[in-house]
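4 protein chains.
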Amino acid sequence: MSISKLKEEVYKANIRLYQSGLVISTFGNVSGIDRSKSLVAIKPSGVSYKKLTPKDIVLVDLEGKKVEGKLNPSSDTKTHLELYRAFSDIGGVAHTHSNYATAWSQARKAIPCLGTTHADYFYGEVPCTRVISNSCISKDYELRIGELIVDTFKSKDYRHMKAVLVACHGPFSWGEDAEEAVEVSVALEEIAKTALYSMVIDPALDNIKKSLLDKHYLRKHGRGAYYGQKKDNKTGQL
Amino acid sequence: MSISKLKEEVYKANIRLYQSGLVISTFGNVSGIDRSKSLVAIKPSGVSYKKLTPKDIVLVDLEGKKVEGKLNPSSDTKTHLELYRAFSDIGGVAHTHSNYATAWSQARKAIPCLGTTHADYFYGEVPCTRVISNSCISKDYELRIGELIVDTFKSKDYRHMKAVLVACHGPFSWGEDAEEAVEVSVALEEIAKTALYSMVIDPALDNIKKSLLDKHYLRKHGRGAYYGQKKDNKTGQL
Amino acid sequence: MSISKLKEEVYKANIRLYQSGLVISTFGNVSGIDRSKSLVAIKPSGVSYKKLTPKDIVLVDLEGKKVEGKLNPSSDTKTHLELYRAFSDIGGVAHTHSNYATAWSQARKAIPCLGTTHADYFYGEVPCTRVISNSCISKDYELRIGELIVDTFKSKDYRHMKAVLVACHGPFSWGEDAEEAVEVSVALEEIAKTALYSMVIDPALDNIKKSLLDKHYLRKHGRGAYYGQKKDNKTGQL
Amino acid sequence: MSISKLKEEVYKANIRLYQSGLVISTFGNVSGIDRSKSLVAIKPSGVSYKKLTPKDIVLVDLEGKKVEGKLNPSSDTKTHLELYRAFSDIGGVAHTHSNYATAWSQARKAIPCLGTTHADYFYGEVPCTRVISNSCISKDYELRIGELIVDTFKSKDYRHMKAVLVACHGPFSWGEDAEEAVEVSVALEEIAKTALYSMVIDPALDNIKKSLLDKHYLRKHGRGAYYGQKKDNKTGQL
């Protein structure tokens, strides 16, 4: 894929994020990576979606050095880069402040898996990181957030759990490209919302049983998947 | 009715479901049946509503054999077929993951009948199935969900209760055709939402009294109905 | 005002109600009266807003006899007529199933006056009727609802409280014409929503003090009103 | 800046407020000041946003004397003027009845700072005034609200906390011009909403730690800010 194509895709994914209603003002950002060139395209910092153009997308290398673009990259760039370095199969990352997923992040709680809609997308609870330490806040904050996420996934498979809640902050999601990262954000907000409403009806609710989780997750993902039109289904495995 | 007309109607009902805001991405599906030919038209699996065309609608017989169409039918097809086999008067089935109805499903609770808006559409509490057993999950899952719904209606009349919540999953609804099935989905989401808000104000609320339920349900449905413009009213009896 | 003008106004008020998002499907209805001719124009029963035309508006006299129109009038017509008979200054009535006002109705609780937005429109708590008795349900139900509302206003001034919640049912509102009745419905839904959210934050909240209620209500309504552009303000007194 | 330019900007900010969905009907108002001429442009009272034109914007001096315009200025004008007098650097003020910020105002509670979205905009809890006293209600009410706000900021810096909740009433916000005042209103509603949802998940939640608040607020505001494109960022310091 050419770099201009990558920038175009990242631009489109950012616009789609905005149109989905998950972000307002200059909140949120989406990036995509060209693995062969180790270059990441990302939204510029503090630019409103209404004014964003494909030319504004900034290109950085995996160490964060700007390679192309007049504007500063997103202030969350180092978090994205850490994810690309640690999760070697992902091709896109999205970050939002969407209301319901952020509400769970602010409550510092994982989103329990209460139903099959959740299980269709996420293999179990969507985890929440621990609260970032003062020393991590004071030095290289955005990089430390990335490391905090990676640490949260020490015993989890990022290919089957494509989102995380950063405590006191908000969600990050990823996928095989920028488009899928946004799609996961949209699904995450939907399940965060429905989970909240379910808890209002019954605050004692717990995760669905493992057999039901397996059934739904695996009918859409993995080797025996039979949901959708075969390889046509982008929410399949990475 | 010709098969092409049925496919057109099922296509339109799927689009209406999408436009109503009850489904996002590829969630949900609507089907319709031609009883004379025992053929069911249904949304293809995993296709986004934005790209759906009437040609994509898949035709299957009541045993689930594909009769027409290039794409795979909805992964929930066997659930639809079980409903068509057991509920002999229905002509359409809809399934959504709409937020509020799904919240009740995930809480594994029937939606209590708290007011006349509910009573106008549903004759009593909207029932919730029991949680599906492990053996039903492991074999012919989608068929078993259909059977679970049918079992929930053993002592209920599906002609006066056109919706059900599948525990840990979401709602199914039906009607005399695909269009009415969607209309019931929309009404269900509305009453699920208002019931939730009512419970926030007073968690101890109970069903309205039978006399009021009867009055509202029967002024719209049944022999002495006087709501609407007589036979003009699609929400009448099946 | 000519009868065709009245019908046009009632048609427009019904359409505005629909566009405001307070009603879906065929829910709700708005009427207006010509006091000089004692004729009431009202939405036909069970007709969807999308298909409604000015010609469909039905004309009835104050005893409910149809004077003009091919369709049946709203099934709630007798409730409207009782309000016109008892509240001699009103010119329009609206009925909705809007989510938040209906949630309070279903909870059988008056909406407490928790802030100045409420006080700007309604002089105190928006009352909720008692639950209708079985004998009233069994005979002339819609008329009895009207009487129940009127009874709820025995010691209240309908000119300063232009809405009521019918227990287990939903809100009715009124004003000097159909347009104002709809405007009050919109304001009612807004304050019902905000009051619910306030109660989530603090379930022990009580009405604001009388001095603040008086200040806000009376700066918009009554003799010394100074809100708006004088007689220009439709939300003034009847 | 010419007076006609100021009126145009205030008109646009009012329209933006309306388009953002934060106000309905005639609720809310935005003003802007020309500090060199000590003239304030403000929305006229009780005029609906749909009918508002730039010509309708009223011009008053800092003592509230009308200088230009046919219509009465907003009934909240004296509150705006007190803010302009006390907060010498601000250039615009906005007042809304937006649902979630008003819910907190009605609950008479500051909005706790539960996450980084909040910290990006507001340096700590968004304060809530005390309930206005009877003597302040009875004389020069709108001026007294302004004084109440100013009193609430005795030990706070209005340049780093650009919004306040007036108890039992609703939010006021400000900024370097009318546009920023509206932008702060929009952000305030967003964080009020997410904070409410977080409290539903865990009612015992408390403010985030100071180190995290400082990190986020100061990366967008103040001397060492590195969010956005440098001086391009309107949400910087006043």
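Chain order of the listed sequences is S, R, W and H.
Under this note's numbering, the first sequence has 87 at position 87, and the numbering climbs by one with no breaks.
With the second sequence counted from 1, adding 238 to any position gets you this note's numbering.
With the third sequence counted from 1, adding 476 to any position gets you this note's numbering.
With the fourth sequence counted from 1, adding 714 to any position gets you this note's numbering.
Each residue gets a CB set at the ideal place from its N, CA and C atoms; glycine is no exception.
DSSP-derived helix/strand/coil call for residue i
i, result
"Lys78(S)", "helix"
"Val900(H)", "helix"
"Asp272(R)", "strand"
"Ile825(H)", "strand"
"Leu277(R)", "strand"
"Ala251(R)", "helix"
"Ala63(S)", "Reading off the sequence, residue 63(S) comes out as Glu, not Ala. Coil at Glu63(S), not helix or strand."
"Lys215(S)", "helix"
"Ala570(W)", "strand"
"Val200(S)", "helix"
"Asn337(R)", "helix"
Beta carbon proximity, residue i to chain R, threshold 8 angstroms
i, result
"Ala595(W)", "no"
"Ile491(W)", "no"
"Thr676(W)", "It is worth fixing the name first, because residue 676(W) is Val in this sequence and not Thr. Val676(W) counts as touching chain R."
"His571(W)", "no"
"Ile149(S)", "no"
"Tyr617(W)", "yes"
"Leu672(W)", "yes"
"His636(W)", "no"
When the options are compared against residue i, the one with the closest alpha-carbon
i, options, result
"Ser242(R)", "Ile262(R), Lys289(R), Thr264(R), Asp294(R)", "Asp294(R)"
"Leu434(R)", "Arg273(R), Lys347(R), Leu277(R), Gln467(R)", "Lys347(R)"
"Tyr18(S)", "Arg219(S), Lys193(S), Gly124(S), Ser185(S)", "Ser185(S)"
"Ala905(H)", "Val23(S), Gly69(S), Lys7(S), Lys210(S)", "According to the sequence as given, residue 905(H) is Ile; it is not Ala. Closest by alpha carbon: Val23(S)."
"Thr116(S)", "Met399(R), Ile383(R), Tyr359(R), Gly353(R)", "Ile383(R)"
"Val126(S)", "Thr102(S), Ala13(S), Leu165(S)", "Leu165(S)"
"Lys245(R)", "Leu297(R), Ser283(R), Gly362(R)", "Leu297(R)"
"Ser524(W)", "Asp444(R), Leu386(R), Asp452(R), Glu421(R)", "Glu421(R)"
"Arg635(W)", "Tyr560(W), Glu618(W), Ser674(W)", "Tyr560(W)"
"Glu205(S)", "Gly228(S), Ile111(S), Ser2(S)", "Looking at the sequence shown, residue 205(S) is not Glu but Leu. The candidate whose alpha carbon is nearest that of Leu205(S) is Ile111(S)."
"Glu544(W)", "Gly567(W), Ile518(W), Glu558(W)", "Ile518(W)"
"Ser574(W)", "Ser436(R), Arg273(R), Thr264(R), Arg461(R)", "Ser436(R)"
"Leu212(S)", "Ala339(R), Gly330(R), His407(R), Ala357(R)", "His407(R)"
"Glu655(W)", "Ser521(W), Gly567(W), Val516(W), Lys546(W)", "Gly567(W)"
CB contact check: residue i to chain S, cutoff 8 angstroms
i, result
"Ile375(R)", "yes"
"Thr340(R)", "yes"
"Gln666(H)", "As shown, chain H starts at 715 and ends at 952. That puts residue 666(H) outside it, with no answer to give."
"Gly353(R)", "no"
Cβ of residue i within 8 angstroms of any chain W Cβ
i, result
"Lys823(H)", "yes"
"Lys453(R)", "yes"
"Arg457(R)", "yes"
"Tyr763(H)", "no"
"Ser449(R)", "yes"
"Ile771(H)", "no"
"Gly466(R)", "yes"
"Asn921(H)", "no"
"Cys842(H)", "no"
"Met239(R)", "no"
Neighbour flag for residue i against chain H, beta carbons, 8 angstroms
i, result
"Ser729(W)", "This structure does not reach residue 729(W), given that chain W is present from 477 up to 714, and the question cannot be answered."
"Ser45(S)", "yes"
"Gly698(W)", "no"
"Cys146(S)", "Residue identity check: residue 146(S) is Gly in the sequence provided, not Cys. So, not an interface residue."
"Ile132(S)", "yes"
Contact set between residue i and chain A, taken where Cβ atoms lie within less than 9 angstroms
i, result
"Tyr123(S)", "Absent here is chain A; the protein component of the structure consists of chains S, R, W and H."
| query | When Cβ atoms are compared, which residues of the stretch 3-35 of chain S fall closer than 8 angstroms to chain R? | reply | none
Quick one, which residues of the stretch 888-906 of chain H are near chain S if we go by CB-CB under 8 angstroms, in chain order? Glu897, Val900, Ala901, Glu904
What residues in the stretch 64-89 of chain S have a beta carbon less than 8 angstroms from any beta carbon of chain H?
Leu71, Asn72, Ser75
Can you check the stretch 357-420 of chain R for any alpha helix (DSSP H) of at least 4 residues that lies completely inside it and give the ranges in chain order?
372-376, 379-390
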